[in-house]
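> Position one of the sequence shown corresponds to residue 1420 (the working numbering), numbered consecutively onward. Built from N, CA and C at the ideal position, the CB exists for glycine as well.
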Amino acid sequence: MESEMFGHKKGSFTGAIADKQGLFEVADGGTLFLDEIGELPLSIQVKLLRALQERIIRRVGSTEDTKVDVRIIAATNRNLEDMVQKGTFRQDLFYRLNVILIKTPALRERKEDIPILAAHFLKKFNDKLNKNIGSISDEAMELMKKYDYPGNVRELENMIERTVALEAGAT
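(1) Specify, as a first and last residue, the run of the beta strand (DSSP E) that Arg-1490 falls within.
(2) Any heavy atom of the ligand NAP within a distance shorter than 8 angstroms of the CB on Ala-1537?
(3) Could you round the C-beta distance between Gly-1426 and Arg-1478 to whole angstroms and report it? I think they count as a contact, below 8 angstroms.
(4) Can you name the start and end residues of the alpha helix (DSSP H) that Phe-1544 belongs to?
(5) Measure how close the beta-carbons of Leu-1548 and Ile-1579 come, nearest whole angstrom, since I'm counting them as under 8 angstroms.
(6) Could you check what DSSP says for Ile-1476 in three-state terms: helix, strand or coil?
(7) Can you check whether the CB of Ala-1525 is closer than 9 angstroms to the CB of Tyr-1568?
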């Protein structure tokens, strides 16, 4: 994960056969979306905080700093305030990231979005998997609306992907 975010130098670990830019360098001058920020280990949270405060990163295995100008958008399904209280998420990083908070209700609280999202995912996976599944039956949609989706939108997306992949429709 650290190498993915901050890059690495050739030979810095087994399998590092070439220098590699991390996501921060790739996104330099733009925006970087960090999904499930609450999953980051404390060791990487420290490096992320440094990148945000000082606008500097250091590739794994390097002794040189690289300047970066990156705007961060972060998402999580966890309660970061609780994690701060438990010591599993850095308080300083929390306040650095928590400039504008947008809370989206869980999918189970907005069932009216399920048909729209399902249609979007159906098209996405039809295209990706070279299938031609026309639509979701009314009966299947009613069942989908009754389900609570503890995994939220990702669970719906995974369900549609699995269904499209396993469907014997045109390929």
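Taking the definition as stated:
(1) Numbered from 1 along the sequence shown, position 71 holds the residue referred to as residue 1490. Start and end: 1490-1493.
(2) This structure simply doesn't include the ligand NAP, nor any ligand for that matter.
(3) The residue given as residue 1426 occupies position 7 in the sequence shown. The residue given as residue 1478 occupies position 59 in the sequence shown. Contact flag correct, Cβ pair sits at about 4 angstroms.
(4) In the sequence shown, residue 1544 corresponds to position 125, counting from 1. Where Phe-1544 is concerned, the enclosing alpha helix (DSSP H) stretches over 1533-1547.
(5) Working through the sequence shown from its first residue, we reach residue 1548 at position 129. Working through the sequence shown from its first residue, we reach residue 1579 at position 160. That pair is no contact at about 11 angstroms.
(6) Locating residue 1476 in the sequence shown gives position 57, where the first residue counts as 1. Strand.
(7) Translated into positions along the sequence shown, residue 1568 becomes position 149. Translated into positions along the sequence shown, residue 1525 becomes position 106. Yes, the Cβ-Cβ distance between Tyr-1568 and Ala-1525 is below 9 angstroms.
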